[in-house]
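Visitor:
There are 4 protein chains.
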Amino acid sequence: MYMFVNDYSEGMHQKILDAIVKTNLEQHTGYGMDEYCEKARLAIKKELKNENSAVHFLVGGTQANTTVICALLRPHQGVISAVSGHINVHESGAIEATGHKVLALPSDDGKITAKQVEDCVKGHFDDPTAEHMVQPKMVYISNPTEVGTIYSKKELEDIKKVCDEHNLILFCDGARLGCALMSKQNDVTLEDMAKLTDVFYIGGTKMGAMFGEAVVINTPKYNEDFRYLIKQKGGMLAKGRLLGVQFLTLFTDGLYYELARHANECAEKLQNAIKEMGYKFLAESPTNQVFPILPNEIVEKIGEKYGYSQWEKRDGEMVIRLCTSWATDMAKVDELIADLKALTK
Amino acid sequence: MYMFVNDYSEGMHQKILDAIVKTNLEQHTGYGMDEYCEKARLAIKKELKNENSAVHFLVGGTQANTTVICALLRPHQGVISAVSGHINVHESGAIEATGHKVLALPSDDGKITAKQVEDCVKGHFDDPTAEHMVQPKMVYISNPTEVGTIYSKKELEDIKKVCDEHNLILFCDGARLGCALMSKQNDVTLEDMAKLTDVFYIGGTKMGAMFGEAVVINTPKYNEDFRYLIKQKGGMLAKGRLLGVQFLTLFTDGLYYELARHANECAEKLQNAIKEMGYKFLAESPTNQVFPILPNEIVEKIGEKYGYSQWEKRDGEMVIRLCTSWATDMAKVDELIADLKALTK
Amino acid sequence: MYMFVNDYSEGMHQKILDAIVKTNLEQHTGYGMDEYCEKARLAIKKELKNENSAVHFLVGGTQANTTVICALLRPHQGVISAVSGHINVHESGAIEATGHKVLALPSDDGKITAKQVEDCVKGHFDDPTAEHMVQPKMVYISNPTEVGTIYSKKELEDIKKVCDEHNLILFCDGARLGCALMSKQNDVTLEDMAKLTDVFYIGGTKMGAMFGEAVVINTPKYNEDFRYLIKQKGGMLAKGRLLGVQFLTLFTDGLYYELARHANECAEKLQNAIKEMGYKFLAESPTNQVFPILPNEIVEKIGEKYGYSQWEKRDGEMVIRLCTSWATDMAKVDELIADLKALTK
Amino acid sequence: MYMFVNDYSEGMHQKILDAIVKTNLEQHTGYGMDEYCEKARLAIKKELKNENSAVHFLVGGTQANTTVICALLRPHQGVISAVSGHINVHESGAIEATGHKVLALPSDDGKITAKQVEDCVKGHFDDPTAEHMVQPKMVYISNPTEVGTIYSKKELEDIKKVCDEHNLILFCDGARLGCALMSKQNDVTLEDMAKLTDVFYIGGTKMGAMFGEAVVINTPKYNEDFRYLIKQKGGMLAKGRLLGVQFLTLFTDGLYYELARHANECAEKLQNAIKEMGYKFLAESPTNQVFPILPNEIVEKIGEKYGYSQWEKRDGEMVIRLCTSWATDMAKVDELIADLKALTK
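Chains as they are written, first to last, in this note's numbering: chain F, 1 to 345; chain S, 1 to 345; chain B, 1 to 345; chain A, 1 to 345.
So, in C-alpha cells, the structure goes:
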C-alpha cells in the first residue's frame with residue numbers, strides 16, 4: 001500500500017532530521033527566543049527583502065489561521081474567504097470559536113477575485129442596516145488553494161488594491177506555499193508575498209518539515225503583542241528551537257524550494273498521464289494536488305494498492321485527491337500511472 | 001409621512017400601557033421572580049398544555065437567539081439555518097461571538113426543509129473528516145420567516161422527526177409568532193409549538209409589547225441553569241416585572257392573537273391590492289410583511305409619503321418591504337393602495 | 001412589607017411615565033436613531049462640555065459593562081478591577097464570556113488606588129514572562145462603588161494619570177452615578193467624568209428610569225463601530241425611543257440629580273440613626289446604600305416588616321444592605337429607624 | 001553557562017530520538033489515528049488499569065488545559081484553581097479566551113484542599129444571587145504543583161469525594177506528573193490517577209519527550225466528541241505519529257519513570273545541600289524544582305555560570321527556581337553546590 005492520501009504521511013526530510021539529531025542535547029532558551037529561531041528568522045527575512053516583516057514560528061496550520069485572525073479582528077468583524085477555504089470548512093469551527101464569522105464567497109476553483117471582495121465590502125457599507133451585520137475586515141486566501149490552483153501576481157495585486165482602498169487586511173494561508181512558488185505557472189516570489197499581503201505564512205508541515213508554520217507579518221502594527229496571542233492560542237512551543245532548526249534547514253541552500261519542486265513534478269507527471277487517458281478533473285492543478293474524476297470501479301481497484309482521499313461522490317464516479325510531496329517516490333507515481341492505464345484499457 | 005418600515009415604530013398597545021401605569025409604584029422582586037412574571041408564565045403555559053415547558057422573559061430578540069444557542073451547544077457544534085435566517089444575517093455576528101458557526105442552507109422562501117436538514121447532518125457524519133468540521137447540532141427556523149412565509153404543521157413535524165432521529169435540537173425564532181399563528185394559511189397552534197420544538201419564543205417587541213420575548217423551553221434538560229445564561233448574556237431585566245406585566249396583558253382575553261390578526265389583515269389587503277395591479281412579489285406572504293417588486297420611479301414616489309424598507313435592488317426595479325402591525329391604521333393602508341393605483345395608471 | 005432590598009423595586013418616576021404615555025403612539029425610527037434619543041444625547045452632552053463625547057443608550061448594566069469591555073480590549077488583554085467590582089462578582093461571568101480576564105485587586109472599601117494600578121501594570125511589564133500572562137489594559141472602577149463609597153476628584157485624577165502614563169483605558173461603571181454626584185462628600189461633576197475617564201456610564205435603571213444606561217465615550221477612537229457591538233451584545237433596543245424619552249426627561253430640569261438627592265437623603269438619615277444606636281458598618285457610605293452590622297436576632301425581627309439584602313454572615317451578626325432610592329418613602333425610613341431603636345433597647 | 005532555568009532546555013531523550021529516526025520515512029495516517037498512537041495508548045492504558053479511560057495526544061500544555069476545560073464546561077461555569085495554578089497565571093488568558101472564569105483560591109504551597117473546594121461550592125449555591133455569579137463546576141489541580149509540591153493519595157481522595165458530592169469535575173494538570181509519581185514522598189500511582197480524577201494528563205514536554213501531553217479521560221461522558229475540540233483548539237498534530245512514537249518509547253521499559261527519577265535525584269541533592277548551607281525555601285519540594293531564597297549578591301554571582309529563573313524579589317534577597325530534568329548532568333549539580341558553598345563563605 002502506497003499513500004497518495006496527503007502530504008504529511010512521512011516524517012521529515014533527512015537534512016532536517018540530521019539537524020535535529022545534531023542539536024539535540026544543546027541547551028536553549030524556550031518559546032522561540034533561541035539562536036536557531038533567530039537565524040531562521042534572518043534566513044527567511046533575507047528572502048522577503050522587507051525590513052518591516054516580522055517572522056513567528058507556530059506549530060500548526062489551525063493555530064496559524066486562528067491566531068492571526070483573532071489577533072487582528074475586533075469582535076464585530078469577519079473574514080472573507082472562498083467557500084472552499086480551509087477556515088470555512090476544515091478547522092472544526094476554530095475561527096468562530098474565537099468569535100468571528102467567516103464570510104464565504106462562492107468559488108469554483110478555490111480562488112476569490114478582487115471584484116468579489118469589492119462587491120462584498122461595498123454591499124456591506126452601502127446597506128442602511130450595516131451595523132446589524134458582520135463587518136468584512138479581512139480577506140483570507142490560500143495559495144495554493146485547497147484544490148491546488150494558484151494566484152498570479154496580477155490577481156494578488158488586484159486584491160491588494162481593493163484591500164487598501166477599503167481598509168481590509170489581506171492574509172494568505174501558505175500551508176503549501178512552496179508548491180505555489182515552484183509551480184510552472186507561477187510568477188510570484190516570497191518578496192512579492194511580503195509586499196502584497198499584510199500577513200502570510202510559509203508552511204512547513206506539508207513541505208518537508210516535521211511540523212511548523214512560519215507566520216510573516218508585513219504590516220508592523222499587526223505585529224503588536226502577537227506573541228501573547230501565539231501563547232494564548234497554544235501555538236508557542238516550549239522547545240521552540242525545534243522550529244528554528246527546521247526552518248533554518250529549509251531556508252539553507254534552497255531546500256524549501258527543492259522539496260516543493262519535487263512534489264510538483266510528481267503531481268504534474270500524474271496529472272498529465274491521467275489527462276492523456278481521457279479523464280476530467282475537478283480543477284486542473286499546477287501544484288502537488290491532483291483531482292481526477294474517475295469511475296467508481298477504477299477508484300475501488302486502485303484503492304487496493306494506493307491511498308487516496310475521497311473528495312466528492314458523483315453519479316457513478318468520484319472526484320478523488322491524489323497528493324504528492326517532498327517524500328513521494330517517483331517510481332510509485334509511474335506504477336500508479338501504469339495501473340491506471342491498465343484499468344482504463 | 002406614515003411608516004410601513006417595520007412593526008416596531010410605535011410604543012405599545014394601550015392595554016399594556018394601562019397595566020404599566022397601574023402597577024408602576026408597586027414594589028416587586030427583581031429579575032423575573034415577581035408575581036406578574038409568575039402569572040404571565042402561568043397564562044402562557046395554560047395555552048402550551050405542556051407540563052414540561054418552562055417560560056423565561058428576555059428583553060429582545062438578539063438576546064433570545066444568542067442565549068438559547070450558546071446555552072445549548074458545545075463549542076464544536078453549529079446551528080443549521082436558512083441562509084436568510086436572522087441569526088445568519090442580522091445579528092452583527094452575535095452567534096459567532098459566542099463561538100458557534102451558523103451552517104447556512106440555501107432557501108428561496110426563507111424556509112428550510114426536513115430533507116435539507118437530513119442531508120446536512122448525514123453529510124457531516126458520513127464524512128471521514130467529520131472531526132475537522134463543525135458538527136450540526138441545532139436547527140434554527142423562524143416562523144414566520146424573515147420574508148413572511150410560514151411553516152405548516154406537517155413541515156414542522158417532518159423537521160422534528162429528522163431532529164429526533166439525529167439527536168438535533170429544534171429551535172424556532174418566533175419574533176412574529178403571533179402573525180404566523182393568526183395567518184389564514186396556518187394550521188399550527190401554540191400547543192403544537194410546545195410539542196414540536198425543543199425551544200421557541202413568543203415575540204412581544206413586534207407584536208404590540210413595548211419590548212420582550214418569552215422563551216419557552218419544552219425539553220427540560222435544556223432548561224438547566226438557563227437563568228445564569230440569561231444574566232450572562234444581558235437579557236435579565238432588573239425590573240423584570242415590566243416583562244411580566246406586558247406578557248400577562250398580552251395573554252389575557254386573547255390580546256396577543258387579536259393584535260396579530262389586525263396586522264395580518266392590513267398586510268393581506270395591501271398584498272392583494274398590489275397583486276391586482278399586476279406586480280410580482282419576492283414571495284407571497286400570508287403574514288404581516290409584504291414584499292412587492294416595484295419600478296424604481298414608483299418606489300421613489302411612494303417614498304415621499306410612506307416609509308418602507310429597501311430589500312433588494314434589481315435592474316430598474318426594487319424589492320421593498322411593507323410592514324404592518326398591531327398599530328397600523330387601516331385608513332393609511334387604503335390611502336397607500338390608492339396612491340399606488342394612481343401611480344400605476 | 002416595605003422593601004429596602006434594592007433601588008429597582010418600583011417602576012419609574014411619574015415624569016418619565018408621563019413622557020412614555022404622551023409619546024406612545026408616535027411613529028419613530030428604531031435602534032436609537034429617533035429624535036428623542038438625539039435630544040437626550042444633546043441634553044447630556046450639554047452637561048459634559050466635551051465635544052468629543054459620544055452618547056449611546058443601552059438597556060442594562062450587564063450589557064454596558066460587557067459591551068464596553070469587549071469593544072475596547074484585544075483578546076490577550078484584561079481589565080483591572082477591585083475584587084468587589086460588579087464585573088468580578090455579579091455578572092455571571094459575562095466579561096470572561098467575551099474572552100477577558102478580570103484582574104482583581106484587593107480592596108476593603110470597594111475602591112482601588114492609583115498606586116495599586118501602577119504596581120499591577122509595572123509588575124506585568126517588568127516580568128520576563130509577561131507574554132505568558134494577561135496584559136492589563138483597562139481599569140474598571142465603580143462610582144459609587146458596590147459598597148456605596150465614592151471617588152474624590154483627586155483620586156480620579158491620580159488614576160487617570162497612571163492610565164495615561166501606561167496607556168491604559170479608564171472605564172467607570174456609573175450604575176448609580178447620580179448618587180455619587182449628589183453625595184455631600186462629592187467634588188466631582190459630570191464634566192469631570194467626561195474629562196477624567198475614557199468611558200463611563202450614567203445609570204438610569206437604579207436612578208428612576210424604567211431601565212437604561214447612557215454610555216458616554218470621551219475618547220473618540222474608542223467610539224469606532226461601537227454601535228455594531230451594542231447590537232451584537234444585545235443592548236440595542238428596537239424601540240430605542242423608549243430610552244431617548246427616559247433620558248431626555250431625566251436630563252430636563254435636573255430631574256436626575258433631584259432623584260439622586262432624595263435617595264441619598266433617605267440613606268443618610270438611616271445611616272446616622274443606626275450609627276447613633278451604636279452599630280458599626282461594613283463601610284460608611286455617603287450614598288444610597290447603607291451596610292450596618294446587626295445582631296442576627298435584630299436582623300430577623302426587622303425582616304418581618306422590611307426587605308433587606310443579606311451581604312455577609314458573621315459570628316452572631318450579619319452585614320445587611322439597606323438600599324434607598326428615588327421612590328423611597330421617608331416616612332418608611334422613619335418607621336424603620338423607630339423599629340430598630342425599639343429593638344436595640 | 002549551564003542552564004537550570006527549566007526542564008525543557010534540551011531536545012529529547014536518546015531513545016526517543018532513535019525511535020523518531022527509525023520510523024521517519026514510514027507512511028502513516030495523520031491526526032493520531034496511526035499505529036504508533038494506538039500502541040502508545042495501549043501501553044498507557046495498561047498502567048491505568050481503567051477500561052473506561054481514553055487517551056489523546058496533544059502537542060502542548062496550554063492546549064491540554066484549554067481543550068479539556070472548554071470541552072467540559074458550559075458557558076456560565078468556571079474552574080476552581082489555586083491562585084498560583086498555571087491556568088490562573090501563565091496561559092496568557094487562554095482559559096478566559098474560551099469564556100471561562102478561573103475561580104482562584106488562596107494557597108501557600110501551590111495546593112488546594114478538599115475543604116476549600118467544598119466551601120467555595122457551598123458558598124456559591126447557598127447565595128441567593130448565585131445565578132448572578134459564575135458557577136463552580138470543575139476543580140483544577142497540578143501534580144506536582146507549580147512550586148514542586150505533590151498531593152498525597154489521601155488528599156486526592158478527599159478532593160474527589162467533595163467533587164462527587166457536588167457534581168464537580170476533577171481535572172489534574174500533570175505537565176510534570178512523572179516527577180510527582182517518582183517523588184520519595186509520593187504514594188499515588190497512575191492507576192490511582194485514573195480512579196481519582198475525571199481527566200488528567202501525562203506530561204511529555206518536560207519529562208524527556210520532544211513535546212506532547214497525553215490527556216487521559218477517565219469518565220466516558222467527558223470523552224464525547226473530544227477530538228473535535230482537540231482539532232478546534234489547535235492541538236491535533238498532522239503528523240500525529242510523532243506523538244505516538246514518543247509516548248510509546250516513554251512507556252516502554254519504564255523510561256518515563258526512569259527519567260523522572262533522575263530529575264528528582266538531581267533536585268534532591270541540590271535542595272539538601274542548599275538546606276545544609278542554612279538557606280530557606282519558598283516551599284520544600286520533593287520533585288524536580290527547587291526554590292531557595294538567596295541573598296541578591298549570591299544570586300548575581302551564580303548567574304554568571306548558571307541559568308536560573310527569578311521567582312520573586314524580596315528585600316535584599318530573591319526566591320529563585322532551579323529546575324532539573326531528565327537531561328541534567330549530575331556533575332553540574334555538584335559544581336553548582338560547590339560554587340554556592342564557596343559563595344556562602
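Where a beta carbon is used, it is the ideal one built from N, C-alpha and C, also for glycine.
None of the values given here were measured: they were computed from a predicted structure.
Output yes if chain B places a C-beta closer than 9 angstroms to the C-beta of Q135/F; else output no.
Guide: Within the first sequence, numbered from 1, the residue matching residue 135/F stands at position 135. So yes, Q135/F belongs to the interface.
Visitor: CA-CA distance, Q310/S and N6/S?
Guide: For the purposes of this step, residue 310/S is taken as residue 310 along the second sequence, with counting starting at 1. For the purposes of this step, residue 6/S is taken as residue 6 along the second sequence, with counting starting at 1. If I take the Cα positions, the gap works out to 11 angstroms.
Visitor: Following the continuous beta strand (DSSP E) through Y31/F, name the residue where it begins and the one where it ends.
Guide: By one-based count along the first sequence, residue 31/F stands at place 31. Note, Y31/F: premise wrong, no beta strand (DSSP E); not H, not E.
Visitor: Short of 9 angstroms Cβ to Cβ, which residues in the stretch 92 to 104 of chain S face chain F?
Guide: Result list: S92, G93, I95, E96, A97, T98, G99, H100, K101, V102, A104.
Visitor: Tell me the DSSP bridge mates of F281/F?
Guide: One-based indexing of the first sequence puts residue 281/F at position 281. P292/F.
Visitor: Tell me which same chain residues have a C-beta within less than 6 angstroms of the C-beta of V162/F, skipping the five on either side of it?
Guide: In the first sequence, the residue the question calls residue 162/F occupies position 162. If we look at V162/F and ignore the five residues flanking it on each side, its Cβ neighbours are A114, V117, E118.
Visitor: Going by DSSP, which residues form a beta bridge with K313/F?
Guide: Indexing the first sequence from 1 puts residue 313/F at position 313. Its beta-bridge partners are M318/F.
Visitor: List the DSSP bridge partners of N136/A.
Guide: Along the fourth sequence, one-based indexing puts residue 136/A at 136. First, the residue type needs correcting, since residue 136/A is Pro and not Asn in the sequence shown. DSSP lists G78/A as partners of P136/A.
Visitor: Whole-angstrom Cβ separation of N65/B and I112/B, contact assumed at under 8 angstroms?
Guide: Position 65 of the third sequence, counted from the start, is the residue given in the question as residue 65/B. Position 112 of the third sequence, counted from the start, is the residue given in the question as residue 112/B. The pair is not a contact, with the Cβ atoms about 16 angstroms apart (cut-off 8 angstroms).
Visitor: Going by alpha carbons, who is nearest to N218/F out of K45/F, N24/F, H13/F?
Guide: If you number the first sequence from 1, residue 218/F lands on position 218. Considering only alpha carbons, the answer is K45/F.
Visitor: By the 10 Å Cβ neighbour count, where 16 or more other Cβ atoms means buried, how is G174/F classified, buried or exposed?
Guide: As a position in the first sequence, residue 174/F is number 174, starting the count at 1. With 16 or more other Cβ atoms within 10 Å, it is buried.
Visitor: Could you tell me whether any Cβ in chain F is nearer than 9 angstroms to the Cβ of L250/A?
Guide: Sequence index remark: in the fourth sequence, residue 250/A carries index 250 (1-based). Not an interface residue.
Visitor: Can you give the beta carbon distance from G235/A to T67/A, rounded, assuming they're within the 8 angstroms contact cut?
Guide: Position 235 of the fourth sequence, counting from 1, holds the residue named residue 235/A. Position 67 of the fourth sequence, counting from 1, holds the residue named residue 67/A. The Cβ separation is near 6 angstroms, so the contact holds.
Visitor: At what residues does the alpha helix (DSSP H) containing F125/S begin and finish?
Guide: As a first step, residue 125/S must be located in the second sequence, where it is residue number 125. Segment 114 to 126, the alpha helix (DSSP H) holding F125/S.
Visitor: Contact defined as beta carbons within less than 8 angstroms: I believe L48/F pairs with A194/F. What is the distance between those atoms, to the nearest angstrom?
Guide: For this step, residue 48/F is matched to residue 48 along the first sequence. For this step, residue 194/F is matched to residue 194 along the first sequence. Right, the Cβ-Cβ distance comes to about 4 angstroms (below 8 angstroms), so this counts as a contact.
Visitor: Considering F247/S, what are the terminal residues of the alpha helix (DSSP H) in which it resides?
Guide: Taking the first residue of the second sequence as 1, we reach residue 247/S at position 247. Segment 241 to 250, the alpha helix (DSSP H) holding F247/S.
Visitor: Let's see if you can read the secondary structure: which residues bound the beta strand (DSSP E) around Y308/B?
Guide: Taking the first residue of the third sequence as position 1, residue 308/B is located at position 308. Premise fails: Y308/B is in no beta strand (DSSP E) and is neither H nor E.
Visitor: Measuring CA to CA, which of Q63/S, V147/S, G254/S, D108/S is closest to I320/S?
Guide: As a first step, residue 320/S is located in the second sequence; it is residue number 320 there, counting from the start. Looking at the Cα atoms, V147/S is the closest of the given residues.
Visitor: So with Cβ pairs under 9 angstroms, would you call H124/F a contact of chain S?
Guide: On the first sequence, position 124 is the one that residue 124/F refers to. Not one chain S Cβ lies under 9 angstroms of H124/F.
Visitor: Consult DSSP for V55/F and reduce its assignment to one of helix, strand or coil.
Guide: Taking the first sequence and counting its residues from 1, the one referred to as residue 55/F is at position 55. Looking at V55/F - three-state DSSP - the assignment turns out to be strand.
Visitor: For the alpha helix (DSSP H) that contains G191/F, what are its first and last residues?
Guide: Locating residue 191/F in the first sequence gives position 191, counting from the first residue. The question names Gly, but residue 191/F in the sequence shown is Glu. It spans 190 to 196 - the alpha helix (DSSP H) in which E191/F sits, taken as one unbroken run.
Visitor: According to DSSP, what are the bridge partners of E268/F?
Guide: Residue mapping note: residue 268/F aligns to position 268 of the first sequence, counting from 1. The partner list for E268/F (beta bridge, DSSP) is empty, contrary to what the question assumes.
Visitor: In chain order, what residues of the same chain have a beta carbon less than 6 angstroms from the beta carbon of Q271/S, not counting five sequence neighbours either side?
Guide: Sequence index remark: in the second sequence, residue 271/S carries index 271 (1-based). Excluding positions up to five away in sequence, the list reads V290.
Visitor: Bridge partners for I302/A per DSSP, in chain order?
Guide: In the fourth sequence, the residue the question calls residue 302/A occupies position 302. Paired residues: none, contrary to the question.
Visitor: Out of curiosity, what's the CA-to-CA distance linking C37/F and G11/A?
Guide: Translated into the one-based positions of the first sequence, residue 37/F becomes position 37. Translated into the one-based positions of the fourth sequence, residue 11/A becomes position 11. Looking at the two C-alpha atoms, the distance is approximately 14 angstroms.
Visitor: Determine the chain A residues that contact T129/B at a beta-carbon separation under 8 angstroms, and present them in chain order.
Guide: As a first step, residue 129/B is located in the third sequence; it is residue number 129 there, counting from the start. The answer, in chain order, is H90.
Visitor: Is it buried or exposed for T129/B, if we count other Cβ within 10 angstroms and need 16 for buried?
Guide: The residue you call residue 129/B lines up with position 129 of the third sequence. T129/B should be labelled exposed.
Visitor: Measuring straight from C-alpha to C-alpha, what distance separates D253/B and G204/B?
Guide: Reading the third sequence from its first residue, position 253 is the one you call residue 253/B. Reading the third sequence from its first residue, position 204 is the one you call residue 204/B. Those two C-alpha atoms are separated by around 16 angstroms.
Visitor: On the DSSP letters alone, give me the boundaries of the beta strand (DSSP E) that Y151/B sits inside.
Guide: Here residue 151/B corresponds to residue number 151 of the third sequence, with the count starting at 1. Where Y151/B is concerned, there is no enclosing beta strand (DSSP E), given that its DSSP letter is neither H nor E.
Visitor: Flag K115/A as yes when its Cβ comes closer than 8 angstroms to any non-hydrogen atom of the ligand GTP, and as no otherwise.
Guide: Absent from the structure shown: the ligand GTP. Ligands present: none.
Visitor: Does Q232/S get closer than 9 angstroms to chain D when you measure Cβ to Cβ?
Guide: This model lacks chain D altogether, as its protein chains are F, S, B and A.
Visitor: Find out if the Cβ-Cβ distance for the pair I346/B, R314/B is shorter than 9 angstroms.
Guide: In this structure chain B extends from 1 to 345, so residue 346/B is not present and cannot be described.
Visitor: P75/F versus chain S: which residues are under 7 angstroms apart at the beta carbon?
Guide: Taking the first residue of the first sequence as position 1, residue 75/F is located at position 75. A97, listed in chain order.
Visitor: Can you give me the Cβ contacts of N143/A inside the same chain, cut-off strictly under 7 angstroms, excluding the 5 residues immediately before and after it?
Guide: Mapped onto the fourth sequence, residue 143/A falls at position 143. I150, Y151, C172, G174, L177, A180, listed in sequence order.
Visitor: Which one of V59/B, M210/B, A273/B, L190/B has the shortest CA to CA distance from G32/B?
Guide: One-based indexing of the third sequence puts residue 32/B at position 32. Of V59/B, M210/B, A273/B, L190/B, the residue nearest in Cα terms is V59/B.
Visitor: Against chain F, with Cβ distances strictly below 9 angstroms, would L237/B count as a contact?
Guide: Position 237 of the third sequence, counted from the start, is the residue given in the question as residue 237/B. By this cut-off, L237/B is not an interface position.
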